[in-house]
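Single-structure report; data block below.
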């Protein structure tokens, strides 16, 4: 206890928030000996006596000035911390005299969290001490999840609310985490609602708290609550400092969640913007985070700009490679069957990551590429005297039907093909109209397939929009249009989905 | 069935005395009751589970010794005693003595009534459960004395009903066991325990005051500091949190939203609920009165929930209610049932998961809830994905996702189970989407017949009406057929489509 409080004094004298928060760390793995020393013999009376002495009688040695209010706040916090340590050691099996459960740890840690929050509402804690809120909030979430897992293991269904007509499965499964979310929200409120001048405001804790909340809400599968938080932030944007003034790690996490939320709302343009920012800011060694960002950024780009990731981009991410490369190949080769197989093979993982419903729409691109192949294979109308040859733009439905059947490997009737083509036209992936009675499609003479390169000569080109990408630094390189002969190997960065005919 | 009468905690009709009259000394036993309650908490950890059969032999009151000789305890009773002392059935706060004396009381009263062999011991609540329940009730009574005062009469009628049937049975089967004694004991107990019950609630007066006082203190504290103290100290819900066991035998019950913990007299036990379900099924078939049925099902579900009954029976209740709600287009109720069913299936309880998982997918297509749809797919196993209803629902989903209205309307024509009721909910909206699509892609016109077939209208007339509802100028008569002038539709269907989809977003879960 003595050592702990000495550490507290040092941190306090230096007004070092991180150091101060360190005194409240319950990390058993790294500080096992220290925690055991703090717990001592587990005697509450001697602990309170110690704390009493250290905080009240021994003021002279403090060399820092704590107000009476602050003193009582910290006194309560360290008492609660001491109790929580006792539970944690017991739960980890490091105490011989007692056993505990994560539920008890959660409760003990919750007490500590509440007392820390109270420090700001009632005990005049200053804003540089905010990291203490972080550390309590962070571990509260961890303990909540462990407590929930523990309960699931014991099959203990005591969480039933007697007043409900039906039991609430969600509440049952995540009872502690839901409770935790409420406390984290409280931490967020405490930070966001501070009206002190910006230099001494707790508003600097907002993004840390928000990120913690997002994490929790995502785990609870309640994006709607995340959106509420987002709304609060954008409403108070005027007095919350601009996000680029916050630590980069917090910016990155926030942008990631903001992007994923937009993604889940199918607002892919918005999502792409946020995810790209997160991608650019993310530390280059944070492989896992980079991978997470790409998991959503790749489907986004597929839909917004019809671009695919290059092998080079995915090089450092074998898992993503396995997931996305088969799809990318199928799209490039306009192979419906390969696409369907790739989608089915990755289905479980895609569903888990919630990108399935987005990726599925990539089939439109495959189909567009296929129809374009038919168009190009159709060749040219007989040239009128002297004039440049013109592409054949009146194409029988049967030609498309044959192509779709070959590509998908399944029988399909012409009505369904017409329907699919109608969709292409409706979605502006193809320009023209269907003359149903005559069984032909009339394609636009200028740019029948918007977004793809029109070929002007007899032999074909591969059209690639290559985005030079420096993987670790920048996504938005120069947008260069390159005409490359039929060779897929040179692709680099994001390349256009629209593709060649051999 | 004296065990069914919840007398207040602490009143143990002193089982060691053969004269039932001694139970009249209620004030004393109340004191004892409290003392025991506290003691028991101390003793709790040291109590090793006793040899289960021992209590049953010490149990028999000394005065009944001659009886004991001819009394071979039935196995079910022995099991019951055993369960009472099983460590896993331990309820915190209920001490060993309390349990023991209550157990003796129960067995003796059964013996006296001669129902020892007829009682279903397997379903008999354990003594500790009874004690716990009574405590809860006492607590409720303390909070709301008015209801307690009105309670006894309803009780009396209730227990009388049951008793009369029990007795006739007992006399027929087991008349040899001192019938005079049982009747006497009963009438006495009836007379004694009820006033005691009231007194008990009066005695609780000071307790109530205290808790109210506490509440006020808490309220003050809450006002003072941002809610910290209240959540810090607020006691965990009353010590007894085990499920209640219902005592109500009415088959029908009006649904009322609970505002306080349920009382056992208002709750029907599972065996009664089984009959209720049968009755409701019959009534639904005969009368088809949805308001009545829905109300009854809600109270049925409530009774299941408060008693923590989660079995195949529970599943069937939710499944039947879900089907009825579907049929009547009551998506709110349907969704509640579906949410429960999802959890029940997840817990491994049997039912018709294939059928309802398919509905679930269709439902989220209707509400256009992508996140939930994703979760619904995540819930499926590979085997389930191969089952026809689920496969159908998944195909519907992917057809819509890819704008393949041709396939979608073909799937609409052949829906397994009751999925068509769900698809009906969004068929109009998808027709609008398809028409918007067609109007942009097909020029200059389409035969009406083609529209009828592609969009699965029942007849040309129906298709024509659908189109005319939006614009009367779009149909034109030719020599032998009618054409739909897609080229002239402009944004009509596009706008109608946008409107139809935005409405779903607002409605959400209804």
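Chains as they are written, first to last, in full-length UniProt numbering: chain Z, 1 to 502; chain H, 1 to 510.
Glycine included, each C-beta is placed from N, C-alpha and C at the ideal position.
As the structure is a computational prediction, the values presented were derived from the model and not from experiment.
Cβ of residue i within 9 Å of any chain H Cβ
{"i": "residue 426(Z)", "result": "yes"}
{"i": "residue 422(Z)", "result": "yes"}
{"i": "residue 436(Z)", "result": "yes"}
{"i": "residue 364(Z)", "result": "yes"}
{"i": "residue 372(Z)", "result": "no"}
{"i": "residue 368(Z)", "result": "no"}
{"i": "residue 24(Z)", "result": "no"}
{"i": "residue 449(Z)", "result": "no"}
{"i": "residue 470(Z)", "result": "With a pLDDT of only 31 at residue 470(Z), under the threshold of 50, the placement of this residue in the model should not be trusted, and no figure is reported."}
Chain Z contact for residue i (CB, 9 Å cutoff)
{"i": "residue 282(H)", "result": "no"}
{"i": "residue 442(H)", "result": "yes"}
{"i": "residue 366(H)", "result": "no"}
{"i": "residue 310(H)", "result": "yes"}
{"i": "residue 343(H)", "result": "yes"}
{"i": "residue 129(H)", "result": "no"}
Cα-Cα separation between residue i and residue j, rounded to whole angstroms
{"i": "residue 336(Z)", "j": "residue 369(Z)", "result": "10 Å"}
{"i": "residue 484(H)", "j": "residue 407(H)", "result": "21 Å"}
{"i": "residue 277(Z)", "j": "residue 346(Z)", "result": "27 Å"}
{"i": "residue 273(H)", "j": "residue 399(H)", "result": "43 Å"}
{"i": "residue 339(H)", "j": "residue 218(Z)", "result": "19 Å"}
{"i": "residue 385(Z)", "j": "residue 379(Z)", "result": "18 Å"}
{"i": "residue 414(Z)", "j": "residue 399(Z)", "result": "10 Å"}
{"i": "residue 146(Z)", "j": "residue 92(Z)", "result": "12 Å"}
{"i": "residue 481(H)", "j": "residue 431(H)", "result": "22 Å"}
{"i": "residue 152(Z)", "j": "residue 341(H)", "result": "19 Å"}
{"i": "residue 315(Z)", "j": "residue 272(Z)", "result": "21 Å"}
{"i": "residue 108(H)", "j": "residue 259(H)", "result": "37 Å"}
{"i": "residue 318(H)", "j": "residue 307(H)", "result": "16 Å"}
{"i": "residue 1(Z)", "j": "residue 42(Z)", "result": "11 Å"}
{"i": "residue 209(Z)", "j": "residue 395(Z)", "result": "60 Å"}
{"i": "residue 511(H)", "j": "residue 344(H)", "result": "Because chain H spans 1 through 510 in this model, residue 511(H) falls outside it and cannot be assessed."}
{"i": "residue 95(Z)", "j": "residue 49(Z)", "result": "22 Å"}
Supposed contact pair residue j and residue i - C-beta distance, whole angstroms, cut 8 Å
{"i": "residue 35(Z)", "j": "residue 85(Z)", "result": "5 Å"}
{"i": "residue 441(H)", "j": "residue 422(Z)", "result": "3 Å"}
{"i": "residue 314(H)", "j": "residue 326(H)", "result": "Contact flag wrong, Cβ pair sits at about 19 Å."}
{"i": "residue 363(H)", "j": "residue 298(H)", "result": "Actually they are not in contact, since the Cβ atoms of residue 363(H) and residue 298(H) sit about 19 Å apart, beyond 8 Å."}
{"i": "residue 183(Z)", "j": "residue 142(Z)", "result": "In fact, because the Cβ distance is near 13 Å, the residues do not count as touching under 8 Å."}
Residue i: CB within 8 Å of a non-hydrogen atom of the ligand ATP
{"i": "residue 387(H)", "result": "As for the ligand ATP, it is missing from this structure, which has no ligand bound."}
Beta-carbon proximity of residue i to residue j, cut-off 9 Å
{"i": "residue 425(H)", "j": "residue 329(H)", "result": "yes"}
{"i": "residue 463(H)", "j": "residue 352(Z)", "result": "no"}
{"i": "residue 292(H)", "j": "residue 283(H)", "result": "yes"}
{"i": "residue 512(H)", "j": "residue 309(H)", "result": "The first residue shown for chain H is 1 and the last is 510, placing residue 512(H) beyond what the model contains."}
{"i": "residue 370(H)", "j": "residue 429(H)", "result": "no"}
{"i": "residue 264(Z)", "j": "residue 293(Z)", "result": "no"}
{"i": "residue 8(Z)", "j": "residue 78(Z)", "result": "yes"}
{"i": "residue 367(Z)", "j": "residue 323(Z)", "result": "no"}
{"i": "residue 127(Z)", "j": "residue 200(Z)", "result": "yes"}
{"i": "residue 516(H)", "j": "residue 396(H)", "result": "In the structure as shown, chain H starts at 1 and stops at 510, and residue 516(H) therefore has no counterpart that could be examined."}
{"i": "residue 408(Z)", "j": "residue 364(Z)", "result": "no"}
{"i": "residue 125(H)", "j": "residue 99(H)", "result": "no"}
{"i": "residue 117(Z)", "j": "residue 21(Z)", "result": "no"}
{"i": "residue 296(Z)", "j": "residue 243(Z)", "result": "no"}
Reference residue i, options the options, closest by Cα
{"i": "residue 133(Z)", "options": "143(Z), 142(Z), 119(Z) and 124(Z)", "result": "119(Z)"}
{"i": "residue 375(Z)", "options": "449(Z), 388(Z), 362(Z) and 319(Z)", "result": "449(Z)"}
{"i": "residue 416(Z)", "options": "428(Z), 402(Z) and 427(Z)", "result": "402(Z)"}
{"i": "residue 302(H)", "options": "335(H), 122(H), 268(H) and 443(H)", "result": "268(H)"}
{"i": "residue 302(Z)", "options": "290(Z), 328(Z), 286(Z) and 281(Z)", "result": "328(Z)"}
{"i": "residue 427(H)", "options": "337(H), 409(H) and 414(H)", "result": "409(H)"}
{"i": "residue 31(Z)", "options": "4(Z), 15(Z), 14(Z) and 43(Z)", "result": "4(Z)"}
{"i": "residue 389(H)", "options": "368(H), 402(H) and 360(H)", "result": "360(H)"}
{"i": "residue 99(Z)", "options": "28(Z), 107(Z), 249(Z) and 89(Z)", "result": "89(Z)"}
{"i": "residue 358(H)", "options": "402(H), 294(H), 88(H) and 423(H)", "result": "423(H)"}
{"i": "residue 73(Z)", "options": "338(Z), 10(Z), 123(Z) and 54(Z)", "result": "123(Z)"}
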